[in-house]
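The sequence shown begins at 23 in our numbering and counts up by one. First the structure, in the form of structure tokens, and then the observations on it.
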Amino acid sequence: GKAGFAHLQGAGKRIQIYVKKDVVGEPGFQLFHLLDLGDSIGVEGHLFRTKTNELSIWVEKIFFLSKALLPLPEKWHGLSDVEVRYRQRYLDLIANEESRQVFVTRARIIQELRRFFDARGYIEVETPMMHPIPGGAAARPFITHHNTLDIDLYLRIAPELYLKRLTVGGFDRVYEINRNFRNEGISTQHNPEFTMLEFYEAYSNYRDLMDMNEQMFRLLANNITGSTTVKYGDAELDFSKMQRLSMREAIGKYWPAGAGEAPTREKLAAPGGAQEATNRYNLWAKGAGAPYAAAKGPLQDGQWTGLLFETMAEDQLVQPTILYDFPTDISPLSKQKPEDPSLTERFEIYVAGMEVANGFSELNDPAEQERRFLRQIAQGGDEAPKQLDADYIRALCHGMPPTAGEGIGIDRLTMLLTDSPSIRDVIFFPLLRPESGESSSEAHRA
């Protein structure tokens with residue numbers, strides 16, 4: 023024929039073009055017939071509507087820009103192979119508009135968070151990505167080496183200790199949105215490289231942050247999805263109000279009926295009480311086929327409480343929940359509660375059974391902080407620090423005002439607000455095994 027239609031797609035938009043031989047000329051029309059799906063072209067012309075009322079471009083000039091040497095997946099019917107979607111994200115973005123919108127929404131979430139903190143007088147800062155001493159969280163770090171200085175460095179597991187140094191230096195409200203790296207397992211909720219918002223506010227405490235989080239999550243949900251009720255899988259998540267539970271209350275509330283009488287807060291607080299409750303739970307779990315609370319070596323009372331909560335209650339926190347009053351034994355950087363030193367002024371936010379945020383009143387007593395660091399080092403383990411960060415202790419000795427701080431996982435937050443079941447769905451290029459199935463070192467040796 024002497025005319026033809028095609029569709030152009032770019033920047034998430036799609037429009038029909040109409041190319042007529044006697045308008046674009048013989049060379050232009052030959053080019054049109056040589057095009058394949060995925061080729062990049064440019065056109066000039068004017069808009070019109072077809073007989074079916076579809077908005078189209080009447081092409082007057084056509085330009086060839088670049089050639090697609092490989093075919094697009096399934097001729098625009100979508101890319102359904104999950105492994106290929108993650109490994110070749112560029113094809114996923116071309117073929118699946120839903121995937122593209124997830125990442126557009128992710129960018130909007132980060133913009134909204136920046137707007138939220140900027141409006142409250144925070145300043146955005148950048149702190150080192152390579153640390154001489156890993157700290158700020160309990161995690162196994164990635165190790166690299168600086169050739170000139172001939173020292174090992176660690177990709178940061180958290181920016182916390184550097185951000186708090188800034189608080190010592192007089193920056194009362196700071197935040198950072200950047201990458202953390204943890205040499206740990208991969209799952210639907212974990213990627214070794216992930217994005218975290220971390221912020222600190224002087225002259226505030228953990229209760230101030232709890233209140234601010236309710237406001238922030240409510241605002242985010244509404245601005246991103248148009249409602250404070252958000253669909254996630256089979257659940258309808260209500261961000262208009264968050265329930266608040268202490269960790270000990272959560273254990274009692276979600277204690278399985280078949281495991282006997284639920285432990286009270288008083289029993290969990292008593293010496294040996296959390297271990298006794300864990301043993302009772304495990305006895306029931308063994309027969310019920312439920313998750314088992316397996317301890318790695320001897321634990322302190324607070325560690326038993328944390329283990330029991332993670333095993334039997336964490337997954338039950340589907341609706342947005344603020345979990346507070348964490349044991350001191352599992353909170354080395356948090357300020358203790360004056361009325362109960364076994365607990366700290368710490369909270370976490372759980373949604374859909376996932377931890378999304380972790381915040382607390384910061385420990386600013388240098389002597390107590392040093393004692394806790396040394397206790398962590400003495401306990402050992404893969405995730406424990408191997409040496410004392412003496413410079414951080416020195417910074418605290420110069421005086422850190424009462425401060426509260428928090429970290430929020432951007433990837434998990436994006437999962438929730440885009441109804442994405444896996445963290446890999448919200449990271450452009452998640453970490454995957456090499457396609458050959460070999461490690462890079464094995465491939466090199468081969």
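We treat Cβ as the ideally placed atom computed from N, Cα and C, and that holds for glycine.
Assign residue i to one of three DSSP states: helix, strand, or coil.
| i | result |
| --- | --- |
| residue 210 | coil |
| residue 20 | The structure shown does not extend to residue 20, since the chain spans only 23 to 468, so no value can be given for it. |
| residue 131 | helix |
| residue 105 | helix |
| residue 26 | strand |
| residue 466 | Because residue 466 sits at a pLDDT of 42, beneath the cut-off of 50, its placement in the model cannot be relied upon, and the following sentence gives the value as read from the coordinates. It is helical. |
| residue 234 | helix |
| residue 280 | helix |
| residue 349 | strand |
| residue 356 | strand |
| residue 98 | Note that residue 98 scores 47 on pLDDT, short of 50, meaning its location in the model is unreliable and no value can be drawn from it. |
| residue 413 | helix |
| residue 458 | coil |
| residue 164 | coil |
| residue 187 | helix |
| residue 436 | helix |
| residue 451 | coil |
| residue 217 | strand |
| residue 275 | helix |
| residue 179 | coil |
| residue 32 | strand |
| residue 93 | coil |
| residue 49 | helix |
| residue 241 | helix |
| residue 121 | helix |
Please report the distance separating the alpha-carbon of residue i from that of residue j.
| i | j | result |
| --- | --- | --- |
| residue 173 | residue 328 | 36 Å |
| residue 373 | residue 345 | 11 Å |
| residue 180 | residue 68 | 54 Å |
| residue 112 | residue 186 | 39 Å |
| residue 341 | residue 381 | 19 Å |
| residue 399 | residue 411 | 11 Å |
| residue 282 | residue 300 | 12 Å |
| residue 417 | residue 333 | 37 Å |
| residue 463 | residue 456 | Confidence at residue 463 is low in this model, with a pLDDT of 47, below 50, so its placement is unreliable and the value that follows should be read with caution. Rounded to whole angstroms, residue 463 to residue 456 spans 11 Å at the Cα level. |
| residue 420 | residue 295 | 39 Å |
| residue 250 | residue 375 | 18 Å |
| residue 53 | residue 36 | 21 Å |
| residue 260 | residue 451 | 30 Å |
| residue 472 | residue 118 | The structure shown does not extend to residue 472, since the chain is modelled only from 23 to 468, so the question has no answer here. |
| residue 97 | residue 106 | In this prediction, residue 97 has a pLDDT of 47, which is less than 50 and means its spatial position is unreliable; what the coordinates show is noted afterwards. Cα to Cα, the separation comes out at about 15 Å. |
| residue 326 | residue 278 | 17 Å |
| residue 362 | residue 146 | 35 Å |
| residue 265 | residue 206 | 31 Å |
| residue 271 | residue 155 | 36 Å |
| residue 395 | residue 104 | 43 Å |
| residue 491 | residue 351 | This structure cannot settle anything about residue 491, because the visible part of the chain is limited to 23 through 468. |
| residue 348 | residue 269 | 6 Å |
| residue 27 | residue 116 | 20 Å |
| residue 338 | residue 276 | 7 Å |
| residue 92 | residue 58 | 10 Å |
| residue 32 | residue 307 | 54 Å |
| residue 437 | residue 55 | 42 Å |
Quickly, what does DSSP pair residue i with across the bridge? List them, please.
| i | result |
| --- | --- |
| residue 224 | 425 |
| residue 260 | 251 |
| residue 380 | 370 and 429 |
| residue 40 | 27 and 80 |
| residue 420 | Answer is none; residue 420 lacks a bridge partner. |
| residue 54 | DSSP, once it has assigned bridges, lists no residue as partnering residue 54. |
| residue 362 | 359 |
| residue 158 | Beta-bridge pairing links residue 158 to no other residue. |
| residue 146 | 197 |
| residue 151 | Per DSSP, none; premise fails for residue 151. |
| residue 344 | 266 and 371 |
Give the range of the beta strand (DSSP E) segment to which residue i is assigned.
| i | result |
| --- | --- |
| residue 84 | 77-88 |
| residue 198 | 195-203 |
| residue 66 | 62-71 |
| residue 266 | 265-268 |
Following the continuous alpha helix (DSSP H) through residue i, name the residue where it begins and the one where it ends.
| i | result |
| --- | --- |
| residue 327 | 323-334 |
| residue 390 | 388-401 |
| residue 114 | 111-117 |
| residue 297 | 295-310 |
| residue 408 | It is not in any alpha helix (DSSP H) - residue 408 carries neither H nor E in the DSSP assignment. |
| residue 291 | 287-291 |
For the stretch 184-204 against the stretch 213-230, do three or more pairs of beta-carbon atoms, one drawn from each stretch, fall closer than 8 Å, so that the two count as touching?
The way I'd put it, the stretch 184-204 does touch the stretch 213-230; three or more beta-carbon pairs between them come closer than 8 Å.
Is there contact between the stretch 297-314 and the stretch 234-243, where contact requires at least three CB pairs shorter than 8 Å?
Result no; under three Cβ-Cβ pairs closer than 8 Å.
Check whether the stretch 120-137 touches the stretch 149-165, taking contact to mean three or more Cβ pairs, one atom from each stretch, closer than 8 Å.
With a cut-off of 8 Å, the stretch 149-165 and the stretch 120-137 do not count as touching, because too few Cβ pairs lie within range.
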